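For the sequence shown, this note's numbering assigns the number 2 to the initial residue and increments by one for each residue that follows.
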Amino acid sequence: MMKNTYNIIRKTIVLTAIALGLTSCLEKTPGDYIPESEGMKSFSAAEQTLTGIYSAYMSGALYSGYLTLLPDIQTDLVYAVQGNTNTYGNYWLWDKIRSTDSEIEAVYGALYTVISRCNFYLDQVEELRASLTDDDEIEVLDYYTGEVHCARALAYSELIKCFCKAYDPATAGTDLGVVLADTYFGEKPQVRASLKDSYGFVLKDLAKAEELLDEDNDYYGAVYFTQAAAFAIHARVALYMQDWDAAITYSSKLINRTDVFELASSTAYTSYVSPITGATTTLSYVDYMWTDDLAFEIIWKVGFTTTSYGGALGQVFLNFNNDYTYYYPDYVPAQWVLNLYGSSDERYGAYFATCQTGYPHQLSWPLLTKYFGNTSFISNIIYHVNMPKPLRLAEQYLIRAEAYCRKGNFAAANADITALNKSRGASSKSMNADNWLERISEERVKELYMEGFRLHDLKRWNMGFERTPQTSTQSEGSSLKVSSGDPMFVWPIPKNEIDATEGTILPNESNK
């Protein structure tokens with residue numbers, strides 16, 4: 002069965018503002034296309050509702066902005082430069098994060114907007130399905146329903162990751178999870194479920210997605226949810242839940258799909274035309290994954306066009322469009338991160354470039370150019386905008402390697418890390434019972450740098466971090482030591498959400 006993706010991928014997507022203030026994030030309109038009063042009464046209305054779900058994922062509060070950037074800026078991966086604009090400064094300073102911060106409100110609100118649009122669809126899809134007489138439409142509608150379950154599972158998994166403690170099987174039944182709103186038209190819950198039940202809800206959505214989606218529609222670089230995307234989310238969730246066997250099972254489903262997915266190679270090349278100079282050159286597939294947002298290893302990405310896109314991931318690391326001459330980064334990579342990459346590691350050249358800044362102190366430093374911008378966007382004088390790639394095959398290798406380590410199978414873990422590094426032109430250090438966590442941590446930083454994983458990794462590993470000053474960086478925050486278990490590893494529940502429910506939605510320790 003081949004899904005008609007034309008109506009999903011190529012519709013004009015219009016972003017909507019996220020309403021904040023003293024309005025609960027659980028009370029959202031269904032989207033840009035279907036008035037609530039009209040409901041979802043036709044096949045085309047279902048398509049439009051699904052388009053609204055993908056539109057919501059384009060929000061600059063999510064993968065093209067805060068959800069990706071803030072968890073890494075908050076930790077030890079970057080330093081604020083002298084003279085920076087103080088963008089996200091409170092997160093870098095760590096202890097100044099507040100439940101009233103607009104970024105916290107936006108992430109929380111944007112994820113519940115996705116969930117609300119999914120619920121709007123799911124509340125009505127069975128009645129719509131019963132009214133259809135065209136078998137092809139029924140078949141496609143079922144596939145759409147699988148996508149919606151996948152979309153909701155991902156949104157809830159991100160809420161749990163940001164606003165809840167790390168999963169501990171011994172305490173998950175009593176630890177606070179998230180508010181599980183599973184209906185649009187029905188009564189909304191006013192309390193947080195347990196962490197165990199919250200993850201259980203995600204797993205049920207994933208099971209339904211995996212049932213309804215079809216492996217025949219798996220394709221690299223997909224901008225819609227596929228069965229492979231559901232498996233990728235499942236593997237990540239299993240790792241976070243300390244279900245090592247399930248993490249291995251689901252990551253293996255993707256690693257073994259060699260007919261569809263393949264790690265980007267450092268030795269295979271493609272032709273590339275510079276959008277700035279017009280010169281034709283060749284780029285490795287590792288480089289091309291970031292210049293053009295396309296690679297055999299991308300399982301799911303957020304689809305942008307030059308007329309409809311989200312946030313600019315590279316802005317705070319480059320600010321080249323201040324004068325189109327110099328760079329004015331707010332943040333530069335930590336030296337210890339740069340030291341992790343070997344001389345032959347293709348990722349170093351794909352992620353960083355030594356550039357002269359325009360500041361009075363004239364800092365010249367390896368800046369993060371990973372998000373310099375998609376080639377087609379730069380051709381339209383749009384800088385620092387890349388299509389986010391939340392689900393990549395590389396992460397699945399890292400998930401499986403860590404799960405193997407947890408089970409004491411270091412031979413299998415070493416094989417996975419070696420395969421990943423070989424694709425990047427890098428060498429590997431052997432892992433054993435004594436050093437595996439340090440090695441896994443290093444490998445995740447090297448591969449997933451500034452993709453939004455570091456804060457959550459440190460939280461689930463129960464690890465702290467330390468910063469020491471480096472050249473031309475802001476003094477405040479450059480000397481920082483954070484202990485494991487610090488309350489700020491868990492973001493505060495937005496104050497407007499607590500106020501709107503008169504305190505029945507309980508705060509986190511970081512709210513206090």
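Note that beta-carbon positions come from the ideal geometry of N, C-alpha and C, so glycine has one too. This structure is a prediction, so every number in the text was calculated from the model and none was measured.
Val115 and His362 have their alpha carbons spaced roughly 44 Å apart. Non-local beta-carbon contacts of Ser431 in its own chain, meaning distances under 7 Å to residues more than five positions away in sequence, involve Asn415 in chain order. Of Ala420, Phe353, Asp293, the smallest CA-CA separation from Ser380 is found for Asp293. Contact check for Gly315 against Phe353 fails: the beta carbons are separated by 8 Å or more. In this structure, DSSP gives Ser56 a helical state, which the three-state scheme calls helix. Between the alpha carbons of Ala131 and Cys151 lies a distance of about 22 Å. Going by beta carbons, Leu394 and Leu255 fall inside the 8 Å limit. Put simply, of Pro389, Trp245, Arg348, Asn322 the residue whose alpha carbon is nearest the alpha carbon of Lys302 is Pro389. Here Gln336 carries a helix assignment [DSSP, helix/strand/coil]. With contacts defined by Cβ atoms closer than 8 Å, Leu177 and Leu456 do not form a contacting pair. Secondary-structure assignment with DSSP links Trp437 through no beta bridge to anything. Here Phe44 carries a helix assignment [DSSP, helix/strand/coil].
The beta-carbon distance between Thr271 and Tyr251, rounded to whole angstroms, is 30 Å. This is too long to meet the 8 Å contact definition. Ser275 sits exposed, since fewer than 16 C-beta atoms from the chains shown fall within 10 Å of its C-beta. With contacts defined by Cβ atoms closer than 8 Å, Leu71 and Glu148 do not form a contacting pair. For Glu148, the enclosing alpha helix (DSSP H) begins and ends at 136-164.
Residues Val386 of the same chain have their beta carbon placed closer than 6 Å to that of Tyr310, with the five preceding and five following residues left out of the count.
Counting other Cβ atoms within 10 Å of its Cβ, Phe164 reaches 16 or more and is therefore classed as buried. Look at Ile299 here: in three-state DSSP terms it is strand. Rounded to the nearest whole angstrom, the C-alpha separation of Ala194 and Lys371 is 38 Å.
Beta-bridge analysis with DSSP links Tyr328 to Thr358. In the displayed model, Thr69 falls within a helix according to three-state DSSP. Between Lys460 and Ala167, the C-beta gap is smaller than 8 Å, which places the two residues in contact. The Cβ atoms of Gln83 and Thr474 lie closer than 8 Å to each other. Under the three-pair Cβ rule at 8 Å, the region 128-147 does not count as touching the region 178-187. Take the alpha-carbon of Trp245 and the one of Glu498: they are about 34 Å apart. The shortest C-alpha to C-alpha distance from Trp492 to any of Glu216, Ile300, Asp136, Glu159 is the one to Glu159.
Looking from the CA of Gln191, the closest CA among Pro470, Leu181, Gln228 belongs to Leu181. The beta-carbon separation of Asp219 and Ala210, rounded to 13 Å, does not stay under the 8 Å limit for a contact.
Around the beta carbon of Gln357, fewer than 16 other beta carbons lie within 10 angstroms, which makes this residue exposed. Beta-carbon to beta-carbon, Ala233 and Ile300 are separated by about 5 Å, close enough to satisfy the 8 Å threshold. When the five nearest sequence neighbours on each side are left out, the beta carbons in the same chain lying within less than 8 Å of the beta carbon of Phe202 are those of Tyr157, Leu181, Asp183, Ala194, in order along the chain. Following the DSSP letters along the chain, one finds Arg348 inside the alpha helix (DSSP H) bounded by residues 347-352.
In the three-state reduction of the DSSP assignment, Trp366 falls in the strand class. Residue nearest to Phe305 within the set Tyr273, Val224, Phe297 is Val224 (criterion: CA-CA distance). When C-beta atoms of the region 84-94 are compared with those of the region 328-336, three or more pairs fall below 8 Å, so the two segments count as touching.
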